[in-house]
Amino acid sequence: MENHSIEDIHAIFDVPDETVLHPEEIADLLNMHVESVRRWCRNGKLPSYSFGGKYIVVGEDFKAFMKKAKVTPYWDRV
Numbered sequence: 030m031e032n033h034s035i036e037d038i039h040a041i042f043d044v045p046d047e048t049v050l051h052p053e054e055i056a057d058l059l060n061m062h063v064e065s066v067r068r069w070c071r072n073g074k075l076p077s078y079s080f081g082g083k084y085i086v087v088g089e090d091f092k093a094f095m096k097k098a099k100v101t102p103y104w105d106r107v
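Each number in this note's numbering corresponds to the 1-based position in the sequence shown with 29 added.
(1) Give me the residue from K99, Y78, T101, K97 with the minimum Cα distance to V49.
(2) Use the C-beta contact count for R71: other C-beta atoms within 10 angstroms, 16 or more gives buried, fewer gives exposed.
(3) Output the distance between the C-alpha atoms of R68 and A40, rounded to the nearest integer angstrom.
(4) Out of P76, V100, G82, L58, point me to the one whose CA is closest to F94's CA.
(5) Does the Cβ of P45 have 16 or more other Cβ atoms within 10 Å, making it buried, or fewer, making it exposed?
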């Protein structure tokens, strides 16, 4: 498993709001399998547009998805 610094994580949020991202690019950014990203798109978890079976994601929606995915430690959930 790779170790990532806080700078690596914050770099994900440097995506401009108007950027158009493809699942392959998001998978590379997150070091995940591209099919996982496509599944998020299909299931509506990651807001996306579908053209001819291909997905695209707007940068603003990607960043909102990532912020929503942030886990809050149980001791902060009061």
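Glycine included, C-beta positions come from ideal geometry on N, C-alpha and C.
Predicted model only: the values in this text are computed from it and were never measured.
Let me lay it out:
(1) Y78
(2) exposed
(3) 24 Å
(4) P76
(5) exposed
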